[in-house]
Each structure stands twice: as structure tokens, then as C-alpha cells.
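Residue numbers (the working numbering): 2 to 201.
For each residue, glycine too, the CB sits at the ideal point set by N, CA and C.
All values derive from a computational prediction rather than experimental measurement.
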Amino acid sequence: ELVYRPSYHDLCDNPSGFIPGSQIIFGETAIRYDYDNQKLLLQRLELINIESLSPINPLIKPLSWKVITGFDHVPFASNNQTLVYQLNTGSGYTIEVFKWLQIHGMIEFSGLLNNGFKNNVEAGPGVSAGFVLQPFQHFRIRGYIVDTYYLYGEACNFLTMKAIMQYNVSQRYSMRFEVSSWYNEQWYNQFSAALTFYFW
2 ELVYRPSYHD LCDNPSGFIP GSQIIFGETA IRYDYDNQKL LLQRLELINI
52 ESLSPINPLI KPLSWKVITG FDHVPFASNN QTLVYQLNTG SGYTIEVFKW
102 LQIHGMIEFS GLLNNGFKNN VEAGPGVSAG FVLQPFQHFR IRGYIVDTYY
152 LYGEACNFLT MKAIMQYNVS QRYSMRFEVS SWYNEQWYNQ FSAALTFYFW
């Protein structure tokens with residue numbers, strides 16, 4: 002899989018020079034080679050992926066929020082690994098337990114569009130919880146779980162879990178490992194490892 006991200010940074014990148022707890026991604030594109038069918042596939046196109054995880058304090062209680070939209074392969078049991086257009090928004094709060102650990106929770110809305118769905122649309126509310134951990138200076142870990150209840154379309158429950166571990170070698174290079182799991186009538190699992198080069 003080859004990924005190109007012509008944008009700023011995500012929550013696991015080196016935070017130097019960026020607002021803490023912010024993620025700004027535009028146009029991240031992932032092209033994957035399918036060995037079984039011997040062809041290239043558009044695995045993911047994130048048009049917008051913005052998250053703001055601002056911790057609350059006794060004086061100020063800012064909302065944490067996110068907006069994610071683009072195309073992705075979603076492993077629905079009835080529509081296995083089909084590319085769908087998605088819109089995911091959420092709002093909640095972040096707590097800074099320690100300087101190196103923040104936890105957050107949100108109430109979310111998710112909508113999916115594909116002509117293989119009933120009425121072409123899946124939409125519904127959800128909840129999420131996660132954390133961002135920096136145990137060492139250049140090492141960051143992020144984990145989250147999202148539980149979505151699609152009420153419009155084919156009513157179903159969709160569970161997403163992801164863990165990301167990233168070691169930022171320098172301003173130019175990082176090593177990243179991701180473990181993802183999805184549940185919709187059955188489990189789907191994925192592991193990936195990547196070496197990232199930052200052009201600027």
C-alpha cells in the first residue's frame with residue numbers, strides 16, 4: 002500500500018510547531034495492490050480529516066470535535082470491503098490526566114453512501130472514546146473505539162477499534178504501526194507497518 006498525504010499532520014506526528022491536540026489532514030490517498038485479483042485499488046481518499054482535542058480545565062471547558070469525510074473501504078457483512086463515501090462528525094470533551102496522557106469521549110453521527118446499501122444510505126448516531134499517550138519524547142500512541150448504530154437503511158451495529166504506535170525518528174522520518182478491528186456480524190482485522198518520509 003502506498004499512501005500520500007499532501008497536508009499538515011495527525012495526532013501521532015511530531016507535535017513541534019503545531020497546536021497540541023490538533024489533527025489536520027487534507028487529501029490523504031491510499032493505493033493498495035490486491036494480490037488475489039492482481040490489480041490496483043483506491044483503498045482510501047480522505048478529503049477532510051480534522052480533529053481538535055482541547056483538554057478542559059477548571060476555567061475553560063472547550064469542546065473537542067472532529068469532521069471526517071471522504072472515501073473508504075468499510076467491511077460491512079452485506080457489502081464486504083466496498084468503497085463508500087462517508088461523513089463522520091462528533092463532539093465531546095477531552096481530559097488531560099497527565100501531561101503525557103489525554104483521554105476523550107464524543108457523541109457522533111455517521112453517514113455512508115453507496116448504491117449497494119438499502120436506500121443507498123446508512124446513517125445513525127454513535128459514541129466514541131479514546132486516548133493519546135506520549136510515554137517518551139519521540140514515541141506517541143493513540144487508541145480509540147467507536148460504536149455506531151445505523152438506524153436508517155439496513156439497521157445494524159458497527160464497531161471500530163484502532164491502535165496506532167508511532168516513533169518519530171526525526172523531522173523527516175517516522176515509523177508507524179497500526180492495528181485495526183471492525184465488527185459487523187463478524188470480526189475483520191488488519192495490521193499495517195509503515196515508514197513515513199515528510200517532504201517538508
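Residue i versus residue j - alpha carbon distance
i, j, result
"THR83", "GLY144", "25 angstroms"
"GLU123", "ASN15", "36 angstroms"
"VAL170", "SER182", "27 angstroms"
"CYS13", "PRO56", "17 angstroms"
"ASN89", "LEU160", "14 angstroms"
"TYR36", "GLN191", "16 angstroms"
"GLY93", "SER193", "29 angstroms"
"ALA156", "ASN185", "11 angstroms"
"ILE32", "ASP73", "11 angstroms"
"ASN38", "ARG45", "18 angstroms"
"HIS105", "THR95", "4 angstroms"
"ILE61", "LYS100", "17 angstroms"
Residues that residue i bridges to, as DSSP identifies them
i, result
"ARG173", "In DSSP, ARG173 forms no bridge with anything."
"ASP35", "LYS40"
"SER193", "GLU179"
"LEU4", "A small fix is needed here, since residue 4 is Val in this sequence, not Leu. DSSP, once it has assigned bridges, lists ALA31 as partnering VAL4."
"ILE108", "SER92, VAL128"
Beta-carbon contacts of residue i that lie in its chain and below 6 angstroms, excluding the five residues immediately before and after
i, result
"ILE165", "CYS13, ARG143, GLU179"
"ASN50", "ILE26, ILE69"
"VAL133", "LEU12, GLN103, ARG143"
"TYR189", "PRO76, TRP183"
"GLU29", "ARG6, GLU47"
"LEU3", "ILE32"
Cβ-based neighbour list, residue i, same chain, cut-off 8 angstroms, excluding 5 preceding and 5 following
i, result
"TYR174", "LEU196, THR197, PHE198, TYR199"
"LEU41", "ILE32, ARG33, TYR34, ASP35"
| field | Complete beta strand (DSSP E) runs within the stretch 58-86 (minimum length 3 residues, chain order) | value | 65-77
| Is the stretch 145-152 close to the stretch 114-131, with three or more CB pairs under 8 angstroms? | yes
| task | Report the residue ranges of all beta strand (DSSP E) runs contained in full by the stretch 122-171; include only those spanning at least 3 residues, in chain order. | result | 122-137, 140-151, 157-168
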